[in-house]
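Worksheet: the structure to be examined is printed underneath.
In this note's numbering, the protein residues as written are 649 to 845.
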């Protein structure tokens, strides 16, 4: 409206107003706030990824545990179905191993199922009994049965009755199961006792 620009100032009706200097305080505040929000977002994403991995590992472990438990029960069910005292062998051909026949070094204090030479999928595939009816696992579970000891004494009910003592046989069932991947492996053991004539 009749004004003209002279060296950064606007002339209006004879008054001169200086140009405001912007210092950028709002811009710096917004950048700092954006940085804080970004850090919070990255931290929450890392937390969510970690929780997802933990849930996946727990699910994998549970699948391995269920597979080993199923295999353990299958081995015990096989022993329940045996009407006569099962024969033992040192190579597992009779399904029941002699005690510690799998131990590669009987002189050390490490049990065969804890030995690194026996803690492989290949060894269990070659020597264990496979339970193939289980789905959702990377490798079918296996079990091994070994005869641990026999007991003929301690049956006081039959003393003086003329009854013949029955042999009680103690079997150790060791089972190995894996999860959805081969990273999670669970081994379980139980002792099974049965009396034979």
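Backbone N, C-alpha and C define an ideal beta-carbon position, used for all residues, glycine too.
Keep in mind that this is a model prediction, so the values were computed, not measured.
- Given 8 Å as the limit, is there contact between the region 781–798 and the region 817–836, that is, 3 or more CB pairs closer than that? Contact between the region 781–798 and the region 817–836 is present: 3 or more CB-CB pairs across the two stretches fall below 8 Å.
- Message: By the three-class DSSP mapping on this structure, what secondary structure does residue 743 have?
- Response: Note: residue 743 maps to coil in three-state DSSP.
- Task: Determine the extent of the alpha helix (DSSP H) in which residue 731 is found, giving its start and end residues.
- Result: Bounds of any alpha helix (DSSP H) do not take in residue 731, whose DSSP letter is neither H nor E.
- Task: Could you tell me the distance, in whole angstroms, from the CA atom of residue 778 to the CA atom of residue 701?
- Result: Cα to Cα, residue 778 sits roughly 30 Å from residue 701.
- Task: Whole angstroms is fine: what's the gap from residue 745's alpha carbon to residue 833's?
- Result: Distance between the alpha carbons of residue 745 and residue 833 is about 23 Å.
- The alpha helix (DSSP H) enclosing residue 814, as first and last residue numbers: Element bounds for residue 814: n/a, residue is neither H nor E.
- Taking residue 743 as the reference, which of 817, 794, 842 and 690 has the closest Cα? The option with the nearest alpha carbon to residue 743 is 794.
- Do you know whose CA, among 733, 710, 687 and 690, lies nearest residue 819's CA? It is 733 whose Cα lies nearest to the Cα of residue 819.
- Alpha-carbon spacing of residue 762 relative to residue 775, whole angstroms: Distance between the alpha carbons of residue 762 and residue 775: 15 Å.
- Message: What would DSSP say about residue 839, mapped onto helix, strand or coil?
- Response: Note: residue 839 maps to strand in three-state DSSP.
- Message: Only counting the same chain, and skipping five residues up and downstream in sequence, which positions put a Cβ closer than 8 Å to that of residue 710?
- Response: These residues qualify, in order along the chain: 827.
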